[in-house]
Each structure stands twice: as C-alpha cells, then as structure tokens.
Amino acid sequence: MNQAGTLLEPFDVGKTIVYDVQISGASKSMLYTVEITVGPGPEQSVSKTVKKDINANGNSVAVQFPVNFQSSEFLSGEFGKWLDDQNRTETWDKAWYRVAVTSLNPFEEPVQAEDYTGKPSLAKVYEEFWDQKVTPRKGSNEDRYQYEVSVLSTVQDNITLEVGPSRSGPWTLVGTQAYTTPGIRQILKWSNVSLGFDFDSAAYRICGRKQMIFDGPSWPVDVEYKNSMVSPDGGLSDTPFSYSIDVKAAKAIDVGLNVWDVSNKRYNSVGRQSYANVGQWETMVWKDINPSSSAESSGMSNYYFSFYYQGSDNPFSTTYEKTGKYYSGPAVVAVNLRNWTVSPLNGSAFTLYNYSVKVETRLPSCDIELQTAPPNGEVWTNQGTATYSGGNDTLVWKNVSFDPEGDELGNASYRFLLGDMVLGKYVGPKIDVAFRDLLYSRIGNTDRFDYKVKVKSSRPGLKIELIYTDDGVVWTRSHQIQAYGSNLSEWQELTWKNQPWHKTIKFDVVSD
C-alpha cells in the first residue's frame, strides 16, 4: 500500500490509498480475475469490492486498486462516527482487506490473501506551516542563510526545504528535518545554507504532506520616497480617494499600496504600480480607492506602501518598516455634512433661530441630532432630531432658542450627531444681546404692571421689544419698544410701564 506524498503510515484518510497486488507464478498465459475487498472497521458489511481482469503470461504482474476511505460505502458504522467527530484525533487502526485471484481454468485453485491487523492505519491529517523566515532577509549568493518554520501536524512527517532563484524554481534540495511531535508545535531549522545561483528575489519551498512556497532572501535595492498623500482628507466609504507617493530606486520595482479598512480592522492591498524610470523620481498614483465597502463605516483610516521585486509576492521593504509609522488619512464617515447654516447670524437667547444642514450618506435612513451650547458654555443642549430618508437631503430645525438664564455674550456653538458620534461642530450664532433680572411690578391694586429687565449688548443703539403670551402657546409682539444706549457693553435696566397682565413675557431685538 502507498499514498502519494508519503511512505509513512498513518496515511491521510482524506487522500487516495493505492493497494498493490503482485501476481506471479503463472506457468502460461491465462486470464485471471483479481478481486479485492476493503473495509475500514470490524463491520464486514461496511466494505467495498473491486474486480479487475488481467492476462498473466508467465511474468509477474502488478495490479493497482485506488481506494478512497471517504467514499459513501465506508461512511456508516464506527468508522463513519470517527470520521465525522472532529474531536476524535486518534489514529484509526481497524482497517482490513481480502484479495482473491481466480483463473478461468476450472482445475486451478483460487489464491487468497487477507489482513485484519489494521493495515493501513489512517489519520485525519492536519498540517500547517507558519512563522516561516529566512535570515538575513537581504543578501547575495555569497552569504549564508538560516531557514526556519513552525510545524503543527496530527502525524509524524519528514519536512523538506528546497531553494530556488524565483517562485517558479528550479528547485535545489537543501535537506530534510523530521517532525516527531504530533499535536505539538515544533520549530524546524536549516542552518548555514548557501545559494548556488544568482537572484533578485529568491524563494524557498517547504514540503511535507503539504507544500508551500515563500519569498526570500532578496538582493538589497536602494529606494527613496517622499510626498506621500491622500485626497480628499475625508469622505464616505465609497468616496473615490486618490493616493500618491514619489519614488526613486536603483532598479525597476513594483510599489504596492496598503489601506486600513476601518470596518474589518485590517490592511487591504489595493494594487501595485510598476516603477521603471530607474534612478529618477517618479510619482506613483492610485485612483478611485475606497477604504471600506460598508455603508456604516466610520473612523480614521491610514496607509503605507510596500516595495517588491518585479514578480515577487512578498515585499522586500515597506515604508512602515523604514519609519515605524503609518500615513494618516482619510477620515471615513458614515454621514458627510455640507452647507450647514444658522439664521439669523446674531441675536439674543430669546431669538428664534433656524438651523439646516445637507446630508450625504450611503445609509438608507438615519436620525441626525442638533445640539447647541451658549457662549463660553461646555454643556450641550439637545434641540431635537431630524430624519434623513433618502429624498430629503437637507434637514432643518426651526424656532430653536437658548436658555434665557444665560447672560454671556459671544459666539454660541452647534453640532450634529449620529448616535454618539459628533459629525461636525460649528460656530454661531453670535449672542450679542443678554437679558437678566426680569421683574414684574404691580401698580397699586390695579391689574396693570411695570415690566423691567436688565440688558447688555455689544451693539449700541438697539431697540428692544416686549413679547408676551397669555395662553402659553402663541407669542405676540407688543410693539412696545425701549432703546438700549450703552456704548460700553454695560448692563442697563429698561422698563415697560403700565402694561396689562401677561402669563409670560420675553424680549427680543427689533430688526432694522
């Protein structure tokens, strides 16, 4: 019995096993039938029988029967349970076979052979190579190198190292190391290896029950670079960003761009450009690059560049390896804001302001919250939520006012939020009129009142109007005007005498 890729048992249960039946001793040419029955376990009914007719002419004849133990005939019984149970990693040693050779000559007795000793032993072979490296990574065919790889397998194996001038070979055998600890990581090393060929970027091949090819070492190449950039600075996940870098190298190379995906939290290779203007500065450009494919993506992306020998899969250097830093940008947002406004641009805490903003997003809908803060204030007040649903890209908040208790002059602030994420913070309106110490003074036993308030403004010569509501719903302008005349932004008391009773009053600046 044998299996491609190995001479050692246990054989991989996932690969074909070849049974070799040697026929010899035939005295003359005769037609024979060779029949083999194979079973994986003690149940005789779980088996497979295959027949072949041969013509033995007095010489030895080899008859081969390929068998796959994952065929449907073998999937019942104890063997099928072992095969399906991922937690069962022990070797299976209950297989058997029976061979019968029958001649067409009725006077010739059939010949039989059988084995019930568990041959061949079978295993669920899992073999992985990782942490492979060659040191030094850069050098020439005059240097000596050390290769190593971490191996984890479910079976013992012989691991071979081969080297070549490229990933396509030709391959030169270096040597074989034994993996002897099934189920346990083992580091295999090949030391003092010389390369008897010229190369730009060499390669090496690790061969066991599986085979993998890796790059290295590489011939050193001097590379200079400058002026890395991305534009625009920010946008949605489907915004077409452009990246560029100026490169000068001593030979023709490839330059790759790697961009951080803010959703999947990994770097994606987004393409390579060929540098061919050897010894001269050349600008490499990547256009229409999207840092993420998710509409909900938001966060700060970054990027770096990789340098490759032409035709090599792995870089010989990167900008990150040279500097220890990534290039920042762009800022990816789920919602992009444009044309934010507040009107009027100035007023008091009593003034009713209108806010608007244009929304750009890939989301089918989203709720945007407006918050405001008074001059020199750090406390943000929720002024309501507006919903974007695809057809209304401009959102509006009307009749927004500030806390009348505030008496600070200066620029107020406003910001828009998507959930807890601040999408943008802006300045305005300018609060240039403040009120405090509002007083109601009843005139004797009448139903008339004097209303007083202190006013401060950075604008002299203002006209202040009394505004009132008697039902708590509708506000009415009284057309009763008082003038604020200070030129020094001082507090000045204004009085509206002999006014009727009002449930609530407030004040505002009369526009010219």
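Heads up: the sequence shown begins at 100 in my numbering, then just goes up one per residue. Even for Gly, the Cβ is constructed at its ideal location relative to N, Cα and C. Note that the structure is a prediction, hence the values are computed from the model and not measured.
No Cβ-Cβ contact shorter than 8 angstroms links residue 292 with residue 196. DSSP, reduced to helix, strand and coil, places residue 282 outside both helices and strands of the structure shown, so it counts as coil.
Inclusion of residue 405 and residue 357 in the CB contact set at 8 angstroms is warranted, their separation being smaller than that value. Rounded to the nearest angstrom, the Cβ distance from residue 387 to residue 339 is 4 angstroms, consistent with a contact under 8 angstroms. Rounded to whole angstroms, the gap between the alpha carbons of residue 559 and residue 589 is 10 angstroms. When the beta-carbon positions are compared, residue 530 and residue 508 come within less than 8 angstroms of each other.
The bridge partners DSSP lists for residue 333 are 430. Taking C-beta atoms under 8 angstroms as the contact rule, residue 194 and residue 221 qualify, at a distance of about 6 angstroms. The alpha carbon of residue 115 has as its nearest neighbour, out of 142, 164, 135, the alpha carbon of 164. Out of 317, 256, 227, the CA that lies nearest to the CA of residue 263 is found in 317.
In this structure, residue 149 sits away from residue 122, with a CB-CB distance that is not shorter than 8 angstroms. The straight-line gap separating the alpha-carbon atoms of residue 465 and residue 482 is approximately 17 angstroms. Nearest in C-alpha terms to residue 168, of all of 191, 162, 155, is 191. Of the candidates 378, 324, 334, 378 places its Cα closest to the Cα of residue 350. By the criterion of a C-beta distance shorter than 7 angstroms, residue 337 is surrounded in its chain by 389, 461, once the five residues flanking it on both sides are discounted. Inclusion of residue 512 and residue 532 in the CB contact set at 8 angstroms is not warranted, their separation being larger than that value. For residue 419, the enclosing alpha helix (DSSP H) covers residues 418–422. DSSP links residue 397 through a beta bridge to no other residue. For residue 516, no alpha helix (DSSP H) encloses it; the enclosing beta strand (DSSP E) starts and ends at 509–517.
DSSP places residue 180 in the helix class (H, G or I) of the three-state scheme.
Per DSSP, residue 446 is one residue of the beta strand (DSSP E) stretching across 445–447. Rounded to the nearest whole angstrom, the C-alpha separation of residue 153 and residue 309 is 35 angstroms. Counted as a single uninterrupted DSSP element, the beta strand (DSSP E) harbouring residue 122 occupies residues 116–122. Taking a cut-off of 8 angstroms on C-beta distances, the stretch 263–272 does not touch the stretch 105–120, as fewer than three cross pairs fall below it. Between residue 435 and residue 518, the C-beta gap is not smaller than 8 angstroms, which leaves the two residues out of contact. For residue 192, there is no enclosing beta strand (DSSP E), as DSSP marks it with neither H nor E.
Note on residue 209: under 16 other CB atoms within 10 angstroms of its CB, so exposed under the neighbour-count rule. For residue 525, the enclosing beta strand (DSSP E) covers residues 520–541. Straight across, the Cα-Cα distance linking residue 295 with residue 413 is about 22 angstroms.
Where residue 366 is concerned, the enclosing beta strand (DSSP E) starts and stops at 365–374. With contacts defined as CB atoms closer than 8 angstroms, residue 250 and residue 224 fail to qualify as a contacting pair. Linking residue 166 to residue 181 through their CA atoms gives a straight-line distance of about 18 angstroms. For residue 152, the enclosing beta strand (DSSP E) has its first and last residue at 147–155. Secondary structure note for residue 577: its beta strand (DSSP E) is the uninterrupted segment 575–583.
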